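Reviewing the structure listed below.
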Amino acid sequence: MISAIARVERRRKELLAIGDSIAHQIKDDCRYDRAMLVDYLRLRQMLGEMGVCTDALHANISEEVGGAINIGRMHSQLFEDLLKAFPKACERIDYAEIRMGDVRAANICINSIMLNAGSSFGFLQALNSINTLARHVSDPDFTLLAISMLNEYADCNQLSGISLQDVVVNVANMLLMHADDKGISTKDMDKCAARIFAKGYDKKSPAQIRYKTIDDLLSSPFKLAGISAYKYLNFLPANTDTYLDLYQDHGVYGSEASDLDKIDWAPSNSVFPAAGLIKLKLAKGDVGGYSEILNRVADRNHSSLEQVIIATSAYPKAFDAAFESYANAVFSQVSRMNERSKFKFLALFESNVNGALFQKYARESGKFSRLMLNHELDI
Amino acid sequence: MTNHLKNALTVNGQLLYLAKCISTLISDEAPFEVIDESIKEYFQFFELANQEGICTFDGHKKASAYIGSTLKLGEINPIIFKEVVRRFPHGLTQIGTSSAHKNPEAALHYISASFKNCANQFDYESSSRHALAIAKRAIHDPSLVITMLNHVKDSFPEHDVSAQVYRTLLKDMCNILFELRQSEQKSLIDSAIAESVIFLANKIKLNSNNGFLNPEHGLLPKLLGLGYFDTANALFANFYYSASDLDDYEWMYAEYGLLLSDEQMEKRLKNIFTDDPHSKVDLSILAFSAASMIKLKLKLEHVEGYSPILEIFNDDSKCYLRLAGLINKDTKSSSVAITSYADALFTSVRRESTSTAKELLGVLAQSAFGLQVLEAAKASRASARVIINSELSL
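Protein chains in written order, with this note's numbering: chain A, 21 to 399; chain B, 100 to 493.
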């Protein structure tokens with residue numbers, strides 16, 4: 021007598037055999053017998069109705085099918101139907117095999133990837149797959165679709181800061197891929213990218229898009245996206261001239277309050293951005309706002325304050341209103357210090373290129389002339 | 100694409116939400132129709148997601164596990180339980196089974212479902228152990244236990260299960276049945292014991308006794324002690340057992356009166372040798388079993404049945420020497436039995452080389468029993484010729 025369990029086992033083996041055949045057909049001929057796929061789905065449904073769970077088996081077969089697919093050689097409709105039957109297959113497909121300009125296949129892929137991101141495979145893996153697709157299809161319309169789908173995904177899901185950071189970097193790279201395309205409409209892409217960069221800021225992500233990427237975006241046709249990236253994203257300047265260079269090269273700068281909020285004021289991290297912002301303000305001729313920066317540095321660490329002052333003291337080129345404002349902020353900090361620290365700070369100006377400007381300011385100001393006189397008498 | 104299916108995370112969340120609704124209805128003891136409606140709603144959404152090409156593997160698994168974790172086998176309407184288990188087999192492993200005794204019908208569904216799904220949810224061993232554990236501690240209805248045991252038997256796969264699993268199952272199953280012997284359905288239990296023992300004994304192809312002969316806990320002594328003589332005999336005859344001690348067969352005869360017929364002895368040796376190509380039973384180990392059988396036959400003064408045993412070793416002349424050496428020691432028998440054994444031994448050796456025959460003479464000359472065998476062999480013309488030829492070439 022064949023028991024119910026033996027029947028189940030036989031059916032399960034049959035399901036595996038059909039699945040294997042489909043995978044082998046795909047591997048050998050880049051096509052499959054539709055009737056076989058229908059048989060497979062029917063058998064799976066029948067087993068489900070019998071109370072037999074075939075999920076694990078189906079997942080294995082799906083992975084095998086995914087590994088057998090060559091999207092560059094498979095008919096789009098066959099491919100689409102296959103992905104609907106085996107959604108988990110999208111994890112294993114080699115997206116680099118897509119043909120350049122095959123937007124139809126790319127659209128099918130990205131739909132499947134986005135539908136299954138998070139459930140079938142991890143979001144970051146999905147993001148990598150999308151990036152691979154975009155690079156190989158190399159079509160601006162597809163890139164725009166990819167960015168807009170990522171936006172939609174980010175709208176619907178609670179992405180972690182790290183995931184958002186990856187999205188932002190990937191989107192920036194996708195945009196830059198089209199930097200040399202002549203005649204593409206940048207408006208939609210700019211708008212789309214700006215939305216996703218704004219999300220990075222809204223979610224207080226630790227996104228650290230590199231200066232070079234922002235510089236590249238600003239130099240590309242996607243200048244508005246670059247400005248959004250600059251405006252919305254935190255980044256750790258690579259040197260104190262970062263803000264200054266972006267201002268001088270591209271004319272971009274953030275709002276003072278948001279820039280200050282973005283800086284990580286931990287002593288080891290704040291020197292470059294604080295000094296960079298001061299240089300930017302001096303270059304723009306800003307009057308006021310320097311004390312706020314120096315106060316935040318001084319609150320944490322005197323040694324950082326010293327480094328910020330050293331980093332910026334060589335920069336002022338003229339005795340203008342902006343410099344006077346900055347010098348006032350510096351001496352206000354110095355005057356609050358103990359004698360030893362004061363001496364150390366004022367001695368900084370002795371050896372500094374533009375130290376004479378600071379000394380001149382101190383001597384001529386009513387507020388700090390005594391400070392300077394005492395220092396000179398001590399020497 | 101519908102709003103619901105915008106992305107897979109939403110789908111997974113929705114599946115879990117619907118699963119929670121189903122669980123709440125079950126725990127609130129809602130009517131079956133209401134629960135069924137809710138299950139249908141779940142699967143409509145599930146099917147829709149599948150049609151869209153969304154992988155529901157993780158979401159459905161989590162939803163099923165959630166439903167399973169809120170079910171208690173002893174406290175659920177069997178009809179609802181059957182339906183839930185059928186639709187959410189992934190949740191099986193999460194179901195609480197400690198109160199199974201309160202609900203034998205649901206327990207039966209549970210066991211049936213777990214065996215149906217054992218290939219991809221739990222491994223076979225844990226499925227059968229789980230089923231046995233429920234049978235053992237929770238269910239006092241012998242017919243249900245037997246039905247469950249039949250599930251266990253029916254579900255034996257043809258491969259991929261270790262002898263260790265079968266062995267443990269055999270022991271556990273019989274112990275459950277032993278405990279139920281006093282019930283009103285004794286005849287049913289007795290035949291279940293017999294069937295289970297024989298079924299499993301046939302599945303176990305081992306070359307050691309694995310504790311079945313242990314006087315205190317062994318299955319064989321227990322069966323005999325409880326009066327299951329026929330079953331014990333059948334187990335002994337079917338069980339692929341290779342003696343670990345030269346006195347094993349003698350001991351089993353003396354202790355329990357178990358004696359294999361000549362055909363059974365031959366069958367056992369051949370089966371150990373041929374039925375389990377993976378175990379690669381060493382002929383020299385098999386010779387140990389054969390020697391043990393021949394010693395018992397000699398002791399019982401059997402006058403026939405030696406040749407079939409010896410012929411199994413046709414391919415390995417050294418085994419004859421080993422056999423003869425093992426049998427030589429402390430063996431006593433009647434002259435008629437010794438003559439029969441000598442005939443069989445020399446008939447086999449005649450096919451071997453003269454040097455093997457020479458070595459055999461040397462082995463036999465080492466004990467009083469061996470000399471008796473030699474004397475008996477000389478009475479036969481064919482055997483005497485072997486002896487003379489060998490002596491001439493010495």
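All C-beta atoms in this analysis are idealised placements derived from N, C-alpha and C, irrespective of residue type, glycine included.
Computed from a predicted structure; not experimentally measured.
Cutoff 6 Å; reference residue i; Cβ partners in own chain excluding five residues on either side
i	result
Asp271/B	Leu231
Ser158/A	Met120
Leu63/B	No answer is possible for residue 63/B: it lies beyond the span of chain B, which begins at 100 and ends at 493.
Val328/A	Val291, Ala294, Ala295 and Val317
Ser82/A	Phe106, Lys108 and Ala109
Asn45/A	In the sequence as displayed, the identity of residue 45/A is Gln instead of Asn. Correct list, in chain order: Tyr52.
Leu460/B	Ser489
Met197/A	none
Gly424/B	Val462
Ala88/A	Ala43, Ile46 and Lys47
Closest residue to residue i among the options (Cα-Cα distance)
i	options	result
Ile280/B	Leu470/B, Phe387/B and Tyr327/B	Note on identity: in this sequence residue 280/B is Arg, with Ile being the wrong assignment. Checked all of Leu470/B, Phe387/B and Tyr327/B; the closest Cα to Arg280/B is Tyr327/B.
Asn295/B	Leu325/B, Thr330/B and Glu283/B	Strictly speaking, residue 295/B in this sequence is Ser, with Asn absent from that position. For the residues Leu325/B, Thr330/B and Glu283/B, the minimum Cα distance to Ser295/B belongs to Thr330/B.
Gly86/A	Asp101/A, Val188/A, Asp122/A and Lys219/A	Asp101/A
Ser426/A	Asn321/A, Phe343/A and Ala341/A	Because residue 426/A is not part of the residues shown, which for chain A are 21 to 399, the question remains open.
His401/B	Leu359/B, Ile292/B, Ile384/B and Lys369/B	Leu359/B
Ile233/B	Cys217/B, Asp253/B, Lys252/B and Ala205/B	Ala205/B
Ala478/B	Phe445/B, Ile393/B, Glu490/B and Asp429/B	Phe445/B
Ser198/B	Cys217/B, Asn216/B, Phe214/B and Leu170/B	Leu170/B
Ala382/A	Arg93/A, Val191/A, Arg155/A and Ala347/A	Ala347/A
Met351/B	Leu323/B, Phe156/B, Leu368/B and Glu362/B	Leu323/B
Val189/A	Thr206/A, Ile216/A and His198/A	Ile216/A
Asp210/A	Thr74/A, Met357/A and Ile247/A	Ile247/A
Asp49/A	Met70/A, Ile91/A and Leu67/A	Ile91/A
Val110/B	Ala464/B, Leu124/B, Asn149/B and Ala129/B	Asn149/B
Val28/A	His250/B, Glu315/B, Ile166/B and Leu334/B	His250/B
Ser168/B	Ser126/B, Pro130/B and Glu151/B	Ser126/B
Contact set for residue i: own chain, Cβ-Cβ below 7 Å, skip 5 residues either direction
i	result
Val184/B	Leu191, His208, Tyr209 and Ala212
Asp347/B	Ser391
Leu300/A	Tyr263, Leu264, Tyr267 and Tyr273
Met247/B	Leu207, Ile210, Ala230 and Ala234
Cys273/B	Ile292, Ser295, Val296 and Leu318
Partners in chain E for residue i, counting only beta-carbon separations shorter than 9 Å
i	result
Lys108/A	Looking for chain E here will not work: the only protein chains present are A and B.
Cβ-heavy atom distance, residue i to the ligand FMN, below 7 Å
i	result
Ala382/A	Among the components modelled here there is no ligand, and therefore nothing to report on the ligand FMN.
Proximal residues to residue i (C-beta, below 8 Å), its chain only, five neighbours per side dropped
i	result
Glu451/B	Ser416 and Tyr419
Leu287/B	Pro241, Ser242 and Ile245
Gln143/B	none
Asn127/A	Phe162 and Leu165
Ser447/B	Ser406, Leu409, Glu410, Phe412, Asn413 and Tyr419
Ile5/A	With chain A covering 21 to 399 only, the question about residue 5/A has no answer from this structure.
>> Below 8 Å, how does it come out for the region 167-176 of chain B and the region 50-69 of chain A: are there three or more Cβ pairs, yes or no?
In response: Look at the beta carbons and you see the region 167-176 of chain B not touching the region 50-69 of chain A: under three pairs across the two are nearer than 8 Å.
> For the region 108-128 of chain B, which residues have a beta carbon sitting closer than 9 Å to at least one beta carbon of chain A?
Replying inline: Cβ contacts with chain A: Leu108, Thr109, Val110 and Asn111.
>> Counting beta carbon pairs with one atom in the region 375-391 of chain A and one in the region 132-141 of chain B, are three or more of them shorter than 8 Å?
In response: Judged by Cβ distances under 8 Å, the region 132-141 of chain B makes no contact with the region 375-391 of chain A, as fewer than three pairs qualify.
> Which runs of the alpha helix (DSSP H) fall wholly inside the region 227-295 of chain B and span at least 4 residues, in chain order?
Replying inline: Listed in chain order, the complete alpha helix (DSSP H) runs (minimum 4 residues) inside the region 227-295 of chain B are 241-253 and 262-278.
>> If we require 4 or more residues per run, which alpha helix (DSSP H) segments fall completely within the region 162-199 of chain B?
In response: Fully contained in the region 162-199 of chain B are the following alpha helix (DSSP H) runs of length 4 or more, in chain order: 177-186.
> With a cut-off of 8 Å, do at least 3 Cβ pairs link the region 156-163 of chain B to the region 187-202 of chain B?
Replying inline: Contact holds: three or more Cβ-Cβ distances are below 8 Å.
> Which residues, in order along the region 50-62 of chain A, keep a beta-carbon less than 8 Å from a beta-carbon of chain B?
Replying inline: The residues in question: there are none.
>> At 4 residues or longer, what runs of the alpha helix (DSSP H) sit wholly inside the region 161-243 of chain A?
In response: Whole alpha helix (DSSP H) segments, 4+ residues: 181-197, 206-222 and 231-239.
>> Which residues of the region 70-81 of chain A have a Cβ closer than 8 Å to any Cβ of chain B? Give them in chain order.
In response: Listed in sequence order: Met70, Gly71, Val72, Cys73, Thr74, Asp75, Ala76, Leu77, His78 and Ala79.
>> At 4 residues or longer, what runs of the alpha helix (DSSP H) sit wholly inside the region 339-398 of chain A?
In response: Under the rule that a run must span 4 or more residues, the alpha helix (DSSP H) segments found entirely inside the region 339-398 of chain A read 341-355, 359-371, 375-384 and 389-398.
>> Give me the subset of the region 130-148 of chain A whose CB atoms are less than 8 Å from a CB atom of chain B, sorted by chain position.
In response: Taking a C-beta cut-off of 8 Å against chain B, the contacting residues of the region 130-148 of chain A are Asn131, Ser132, Met134, Leu135, Asn136, Ala137, Gly138, Ser139 and Ser140, listed in chain order.
> Taking a cut of 9 Å between CB atoms, which residues from the region 25-43 of chain A lie near chain B?
Replying inline: Under the 9 Å Cβ criterion, the region 25-43 of chain A contributes Ile25, Ala26, Val28, Glu29 and Arg32.
>> Under 8 Å: do the region 296-315 of chain A and the region 261-279 of chain A share three or more Cβ pairs, one atom per stretch?
In response: Enough Cβ pairs lie closer than 8 Å, so yes.
> What runs of the beta strand (DSSP E), each 3 residues or longer, lie entirely inside the region 117-171 of chain B?
Replying inline: Entirely contained in the region 117-171 of chain B, not one beta strand (DSSP E) run reaches 3 residues.
>> To be precise: take each residue of the region 161-185 of chain B, compare its Cβ to all Cβ atoms of chain A, and keep it if any distance is under 7 Å. Which residues remain?
In response: Taking 7 Å as the Cβ-Cβ cut-off against chain A, the residues of the region 161-185 of chain B that qualify are Val184 and Arg185.
> Just by C-beta distance, which residues in the region 96-127 of chain A are closer than 7 Å to chain B?
Replying inline: Residues are counted here when their Cβ sits less than 7 Å from a Cβ of chain B; for the region 96-127 of chain A these are Leu103, Lys104, Pro107 and Lys108, given in chain order.
> Pairing CB atoms from the region 237-246 of chain A with CB atoms from the region 172-179 of chain A, are three or more of them under 8 Å?
Replying inline: Short answer: they don't touch.
> Quick one: complete alpha helix (DSSP H) runs, 4+ long, within the region 79-152 of chain A?
Replying inline: Whole alpha helix (DSSP H) segments, 4+ residues: 96-105 and 123-136.
>> Runs of 4 residues minimum, wholly inside the region 280-334 of chain A: which ones carry the alpha helix (DSSP H) assignment?
In response: For the region 280-334 of chain A, whole alpha helix (DSSP H) runs of length 4 or above, ordered along the chain, are 287-304, 310-320 and 322-333.
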